[in-house]
Amino acid sequence: MGTYVDESLFTYLGHLYCHMIADTREELVHMALKVGLDASYIQEADSPTEHVCLSPDRRAVALTMGATELYGRQFMQMIIRRRAEVSADHHELEIG
1 MGTYVDESLF TYLGHLYCHM IADTREELVH MALKVGLDAS YIQEADSPTE HVCLSPDRRA
61 VALTMGATEL YGRQFMQMII RRRAEVSADH HELEIG
């Protein structure tokens with residue numbers, strides 16, 4: 001289990017951000033609180049792309065608090081894995 005930040009920074013409304021995801025909602029909320037954000041900052045909640053956008057300063061805090069930095073394709077591979085898990089869960093519910 002864990003919390004992850006991507007290495008890439010993007011600009012939105014003139015500010016730099018990165019994405020933070022986690023293996024579970026609880027871990028995402030826990031790390032968001034550690035960096036000074038609450039659960040209201042979660043975007044795309046209850047989806048495989050559930051995440052929080054972090055400024056570079058908050059990203060640094062997340063890394064200090066134990067988040068793992070993902071490089072290049074690792075971040076997208078994590079999202080793809082999460083989508084596959086959700087799809088498998090839905091398929092299992094249909095069969096079960």
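Residue numbers for the sequence shown follow my numbering, beginning at 1 and rising by one. Every residue, glycine too, gets a C-beta built ideally from N, C-alpha and C.
| field | Which residues DSSP lists as bridging LEU102, in chain order | value | Any question about residue 102 goes unanswered here, given that the chain covers just 1 to 96.
| query | So MET20 is in the beta strand (DSSP E); what residue range does that whole segment cover? | reply | Within the sequence shown, the letter at position 20 stands for residue 20. Unbroken beta strand (DSSP E) run through MET20: 15-22.
| What residue does the alpha helix (DSSP H) around VAL35 start on, and which one ends it? | For the purposes of this step, residue 35 is identified with residue 35 of the sequence shown, where counting begins at 1. Per DSSP, VAL35 belongs to no alpha helix (DSSP H) and is neither H nor E.
| Which whole-angstrom value describes the C-beta separation of THR64 and GLU27, a residue pair presumed to lie in contact below a C-beta threshold of 8 Å? | Reading the sequence shown from its first residue, position 64 is the one you call residue 64. Reading the sequence shown from its first residue, position 27 is the one you call residue 27. About 16 Å separates the two Cβ atoms, so there is no contact after all.
| query | Between TYR12 and LEU54, which are expected to be in contact by the criterion C-beta below 8 Å, what is the C-beta distance as a whole number of angstroms? | reply | Here residue 12 corresponds to residue number 12 of the sequence shown, with the count starting at 1. Here residue 54 corresponds to residue number 54 of the sequence shown, with the count starting at 1. Wrong, their Cβ atoms sit about 12 Å apart, outside the cutoff.
| ILE79 to PRO48, Cα distance in whole Å? | Within the sequence shown, numbered from 1, the residue matching residue 79 stands at position 79. Within the sequence shown, numbered from 1, the residue matching residue 48 stands at position 48. If I take the Cα positions, the gap works out to 6 Å.
| message | Quick check on the DSSP output: the alpha helix (DSSP H) that includes ASP57 runs from which residue to which? | response | Locating residue 57 in the sequence shown gives position 57, counting from the first residue. ASP57 -> alpha helix (DSSP H) spans 56-64.
| query | Taking the C-alpha atoms as reference points, what is the distance between ARG73 and ARG25? | reply | Indexing the sequence shown from 1 puts residue 73 at position 73. Indexing the sequence shown from 1 puts residue 25 at position 25. About 22 Å.
| message | Quick check: what's the CA-CA separation for ARG59 versus HIS19? | response | In the sequence shown, counting from the first residue as 1, residue 59 sits at position 59. In the sequence shown, counting from the first residue as 1, residue 19 sits at position 19. Rounded to whole angstroms, ARG59 to HIS19 spans 9 Å at the Cα level.
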